[in-house]
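Participant: Got a structure for you, questions after.
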Amino acid sequence: MNKKKEKRHLSYEKQKRLYGYGFLSLWLIGTLVFFIIPVAGSLIYSFQDVTPGAGGVWVGLKNYSAALNKDPYFRTYLTDEIAEMLRNTPIILIFSLFSAVLINQKFKGRTFVRAVFFLPVIVASGPVYAVITGDMNVSGAEGADQFSTVFETDMVTDLLEFTGIYGLSQTLTETIKHTIDGIFAIVWHSGIQILIFLAALQNIPPSAREAAELEGATAWEYFWKITFPYVSPMILANLVFTVIDSFTDSGNKVMERIISMQSDWKYGLAAAMVWTYFGIVILMVGLVFLILGKHVYYEVD
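For the sequence shown, counting from 1, position 70 maps to 70 in our numbering; every step adds exactly one.
Okay, structure coming up:
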């Protein structure tokens, strides 16, 4: 009888809470089994000399020291990837915001143009991107190299000569080639950011534009005084996303080095590299929030 009374007195809010806990428990179990336990295991491995089938021997910070001081490639790759991230992130953000402002205008074929900008997100899987950029080191590498000849130096030289430009030095030709590659990479990695900026632009209240027009604001003034403050939270979000995306890119040399160590059964060293890299990513994201978080405009109702 008491149990029946308890069931009868179970309020609707408590029932909803129990249902919520029930659905959430599936996510918690999955996170624990497939994320937290492997992450904790990799952290333990980073302090051990792991031998397949025989467990690990505690070595302290030896793996971290080896990764930063003895490995001939890791520190160089790490510096190169950080420098590339610092160079590409502002360009990607500026290009994404500029593109979002353009395709937010009303014109014929706007839906098609939006689809073209977002297309790389749909097909930007690791193998597809590797084939397009010629960065394929698995079976099929020969086909990838043939497919990506448009980005090779000889092809760039032929295109320049076709347009009437002759006798350029190898250094200048290589610079033009890398510039073309850079433009391609920036466009390829801007799809998500453009979509986020586009959503932010469409959330700007029409009353703000009407007020600006009544005040006689120019398009330039409207952008800096209305558009930019409204999209500033998304600038911060896109900045964080772009930083993380650059560190997890399929062509990232640091990740390739880590995978190579793992393939050579050097699990402890690979784990130390992963956690070193992870620490730098967290540091970069923290600096982004610390520097730019105070300058973000949040509308308060």
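No residue lacks a Cβ here, since even glycine has one placed at the ideal position from N, Cα and C.
Which ranges would you report for the beta strand (DSSP E) in the region 212 to 264 if only whole runs of at least 3 residues count?
Facilitator: Counting whole runs of 3 or more residues, the region 212 to 264 contains no beta strand (DSSP E) stretch at all.
Participant: In three-state terms, what does DSSP make of residue 71?
Facilitator: In the sequence shown, the residue the question calls residue 71 occupies position 71. Of the three classes helix, strand and coil, the one that applies to residue 71 here is coil, per DSSP.
Participant: Which value, in whole angstroms, describes the spacing of the CA atoms of residue 209 and residue 230?
Facilitator: Along the sequence shown, one-based indexing puts residue 209 at 209. Along the sequence shown, one-based indexing puts residue 230 at 230. For residue 209 and residue 230, the distance between alpha carbons rounds to 12 Å.
Participant: Taking the straight line between their C-alpha atoms, what separation do you get for residue 92 and residue 221?
Facilitator: Position 92 of the sequence shown holds residue 92. Position 221 of the sequence shown holds residue 221. For residue 92 and residue 221, the distance between alpha carbons rounds to 23 Å.
Participant: Per DSSP, what kind of secondary structure is residue 193 in: helix, strand or coil?
Facilitator: Taking the sequence shown and counting its residues from 1, the one referred to as residue 193 is at position 193. Residue 193: helix per DSSP, three-state reduction.
Participant: Is it right to say residue 266 is buried, meaning 16 or more other beta carbons lie within 10 angstroms of its own, or is it exposed?
Facilitator: Within the sequence shown, numbered from 1, the residue matching residue 266 stands at position 266. Buried is the call here.
Participant: With DSSP run on the structure shown, which of helix, strand or coil describes residue 55?
Facilitator: Working through the sequence shown from its first residue, we reach residue 55 at position 55. Strand.
Participant: Please identify the residue among 253, 238, 116 whose C-alpha is closest to the C-alpha of residue 80.
Facilitator: Here residue 80 refers to the residue found at position 80 of the sequence shown. Among 253, 238, 116, the Cα nearest to that of residue 80 belongs to 253.
Participant: When DSSP labels each residue in this structure, what does residue 15 get in the three-state scheme?
Facilitator: Here residue 15 refers to the residue found at position 15 of the sequence shown. Helix at residue 15.
Participant: Whose CA, out of 258, 195, 76, lies closest to the CA of residue 95?
Facilitator: On the sequence shown, position 95 is the one that residue 95 refers to. With distances taken between Cα atoms, residue 95 lies closest to 195.
Participant: Pair every Cβ in the region 233 to 249 with every Cβ in the region 57 to 68, then say whether three or more of these pairs are closer than 8 Å.
Facilitator: No: fewer than three Cβ pairs fall under 8 Å.
Participant: Along the chain, where does the alpha helix (DSSP H) that runs through residue 268 open and close?
Facilitator: Within the sequence shown, numbered from 1, the residue matching residue 268 stands at position 268. Counting along the chain, the alpha helix (DSSP H) containing residue 268 begins and ends at 267 to 292.
Participant: Between the C-alpha atoms of residue 259 and residue 32, what's the straight-line distance to the nearest angstrom?
Facilitator: Indexing the sequence shown from 1 puts residue 259 at position 259. Indexing the sequence shown from 1 puts residue 32 at position 32. Roughly 24 Å between the two C-alpha positions.
Participant: Let's test the definition: count the other Cβ atoms within 10 Å of the Cβ of residue 189 and tell me whether it reaches 16, buried, or not, exposed.
Facilitator: Translated into positions along the sequence shown, residue 189 becomes position 189. Counting Cβ neighbours within 10 Å, residue 189 comes out buried, since at least 16 surround it.
Participant: If you pair each beta-carbon of the region 266 to 275 with each one of the region 46 to 60, do three or more pairs fall below 8 Å?
Facilitator: The region 266 to 275 is in contact with the region 46 to 60.
Participant: Mind checking whether residue 198 and residue 87 have CB atoms under 9 Å apart?
Facilitator: Your numbering for residue 198 matches position 198 in the sequence shown. Your numbering for residue 87 matches position 87 in the sequence shown. Cβ atoms of residue 198 and residue 87: not closer than 9 Å.
Participant: From the DSSP secondary-structure annotation, give me the bridge partner or partners of residue 306.
Facilitator: This structure cannot settle anything about residue 306, because the visible part of the chain is limited to 1 through 301.
Participant: Using a Cβ-Cβ cut-off of 8 Å (strictly less than) and excluding sequence neighbours within five positions of residue 14, which residues of its own chain qualify?
Facilitator: For the purposes of this step, residue 14 is identified with residue 14 of the sequence shown, where counting begins at 1. Taken in chain order, the list of residues that qualify is empty.
Participant: So who's on the other strand from residue 48, going by DSSP bridges?
Facilitator: Along the sequence shown, read from residue 1 onward, the residue named residue 48 stands at position 48. For residue 48, which the question treats as bridged, DSSP gives the partners 58.
Participant: Given residue 269, which residues of its chain have a CB within under 8 Å of its CB, disregarding the five upstream and five downstream residues?
Facilitator: Indexing the sequence shown from 1 puts residue 269 at position 269. Here the set comprises 63, 66, 67, 71, 261.
Participant: With distances taken from CA atoms, which of 41, 119, 16, 223 is nearest residue 193?
Facilitator: The residue given as residue 193 occupies position 193 in the sequence shown. For residue 193, the nearest C-alpha among the options comes from 119.
Participant: Can the beta-carbon of residue 59 be found closer than 9 Å to that of residue 51?
Facilitator: Locating residue 59 in the sequence shown gives position 59, where the first residue counts as 1. Locating residue 51 in the sequence shown gives position 51, where the first residue counts as 1. Cβ distance not < 9 Å, so residue 59 and residue 51 don't count as in contact.
Participant: To the nearest angstrom, how far is it from the Cα of residue 24 to the Cα of residue 18?
Facilitator: The residue given as residue 24 occupies position 24 in the sequence shown. The residue given as residue 18 occupies position 18 in the sequence shown. Spanning the two alpha carbons is a distance of roughly 10 Å.
Participant: Taking only the alpha-carbon atoms, compute the straight-line gap between residue 39 and residue 85 and give it to the nearest angstrom.
Facilitator: Start at 1 with the first residue of the sequence shown, and residue 39 comes out as number 39. Start at 1 with the first residue of the sequence shown, and residue 85 comes out as number 85. Using only the alpha carbons, I get a separation of about 25 Å.
Participant: Just checking my contact of residue 112 with residue 99 at CB under 8 Å: how many whole Å lie between their CB atoms?
Facilitator: Here residue 112 is taken as the residue at index 112 of the sequence shown, counted from 1. Here residue 99 is taken as the residue at index 99 of the sequence shown, counted from 1. So it is not a contact: roughly 14 Å between Cβ atoms.
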